[in-house]
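Heads up, the sequence shown is in my numbering, so the first residue is 36 and it goes up one at a time. Inspection log for the structure reproduced underneath, given as structure tokens.
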Amino acid sequence: MPVMYYTVVTIHVLAAMFWLGSMFFLAVIGAPLLRTIEPPEMRQRLFRDLGMRFRTAGWIAIAVLLITGVFNLYYRGWLHWDGVLGSSAFWHTVVGHALACKLIAVTAMLLVSGIHDFILGPAAGRLEAGSPSALAHRRHAAHLARANAALGVIIVIAAVVLTRGG
Ligand code: HEM
Numbered sequence: 036m037p038v039m040y041y042t043v044v045t046i047h048v049l050a051a052m053f054w055l056g057s058m059f060f061l062a063v064i065g066a067p068l069l070r071t072i073e074p075p076e077m078r079q080r081l082f083r084d085l086g087m088r089f090r091t092a093g094w095i096a097i098a099v100l101l102i103t104g105v106f107n108l109y110y111r112g113w114l115h116w117d118g119v120l121g122s123s124a125f126w127h128t129v130v131g132h133a134l135a136c137k138l139i140a141v142t143a144m145l146l147v148s149g150i151h152d153f154i155l156g157p158a159a160g161r162l163e164a165g166s167p168s169a170l171a172h173r174r175h176a177a178h179l180a181r182a183n184a185a186l187g188v189i190i191v192i193a194a195v196v197l198t199r200g201g
């Protein structure tokens, strides 16, 4: 049914824009601005509050991406074991390569987001503001956030090839 299919793809693309767009906004505008805030206690609070809000919205976007992604596979006719997902010939096509790349990058993105959002980020927020260990945690969290943005770009490239490769 095209209307349902178009609706699901539209929601999928909007969720991708929101997730990746927010990440780039935080990296390019939000975090550099917050780093200039004094005193360190205020900076830490703003980082923590912004992080918590983005964590909730970001994981909702990820859930939407995963659910609509599975529907996309269904509407494309790729959600079949026989002749598609269970066939080695499928995984040797351009579409198969793009889908494999996308699924691997999505799995990595889930892992990196989980570590960043539930372990490193909150730990940085609990440490004494401005202390060397808080700064080190924040640096590690920033590296993970950059890795996640890079994974997001890889996922979008794989998605573009996926939709045009078959
Ligand atoms: C398990 C997770 C996912 C699955 C199974 C999945 C699957 C798909 C499929 C099958 C399509 C093709 C839709 C069509 O045109 O018929 C698609 C498109 C797309 N996906 Fe995903 N996706 C997933 C996660 C993501 C994530 C995390 C992102 C965000 C970075 C993303 C971004 C996109 C974009 C931007 C398109 C449109 C590409 C274009 O039209 O050129 N997807 N996805």
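Every residue gets a Cβ at the ideal spot worked out from N, C-alpha and C, and that includes glycine.
Between the C-alpha atoms of L186 and T142 there is a straight-line separation of about 10 angstroms. Taking 6 angstroms as the cut-off, one finds at least one heavy atom of the ligand HEM near enough to the beta carbon of G104. Take L55, set aside five residues on each side of it, and the residues of its chain with a beta-carbon closer than 6 angstroms to its own are G187, in chain order.
A distance below 6 angstroms between beta-carbons, with the five flanking residues on each side excluded, links I189 to the following residues of its chain, in chain order: A140. Of the candidates R173, T103 and L134, T103 places its Cα closest to the Cα of V43. Runs of beta strand (DSSP E) with 3 or more residues, each lying fully within the segment 72 to 137, are absent. In summary, G86 is buried, with 16 or more beta-carbon neighbours lying within 10 Å of its beta-carbon over all protein chains present.
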